[in-house]
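A.B. asks: What follows is a structure written as structure tokens; I'll ask about it next.
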Amino acid sequence: MLLPEVEARRALRGRRIRLQMVAPIGPWIGCGTLRVLRLTETEEVAEIAVGYEAYRQ
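Numbering (the numbering used here), first residue to last: 9 to 65.
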């Protein structure tokens with residue numbers, strides 16, 4: 009199970025965060041919970057790639 013984005017931000021409180029949305033190209037609507045797909049940390053910033061559980065046209 010992938011961690012919900014709000015829980016990841018809560019765990020990284022006080023750190024600089026760069027958020028990247030991963031979504032299909034086109035007129036899609038994200039459905040469900042926004043979840044962390046990848047987390048990369050350096051001393052300066054935590055980079056989080058997020059995506060929804062599902063997408064609908």
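From the three backbone atoms N, C-alpha and C, an ideal C-beta is built for every residue, glycine too. Bear in mind that the values here come from a model prediction, so they are computed numbers and not experimental data.
May I ask you to list the residues that DSSP assigns as paired with I28?
C.D. replies: Before going on, a small fix: residue 28 reads as Gln here, not Ile. Bridge partners of Q28: A57.
A.B. asks: Quick one: is G5 buried, meaning 16 or more other Cβ sit within 10 Å of its Cβ, or exposed?
C.D. replies: Only positions 9 to 65 of the chain appear in the structure, and residue 5 is not among them; the question remains open.
A.B. asks: Looking at the secondary structure, which residues open and close the beta strand (DSSP E) in which R46 lies?
C.D. replies: Where R46 is concerned, the enclosing beta strand (DSSP E) stretches over 37-49.
A.B. asks: Are the CB atoms of R64 and L10 nearer to each other than 8 Å?
C.D. replies: For R64 and L10, no; Cβs fall outside 8 Å.
A.B. asks: Quick check: the Cα distance between I33 and G22, rounded to an integer number of angstroms?
C.D. replies: When rounded, the distance between both Cα atoms is 33 Å.
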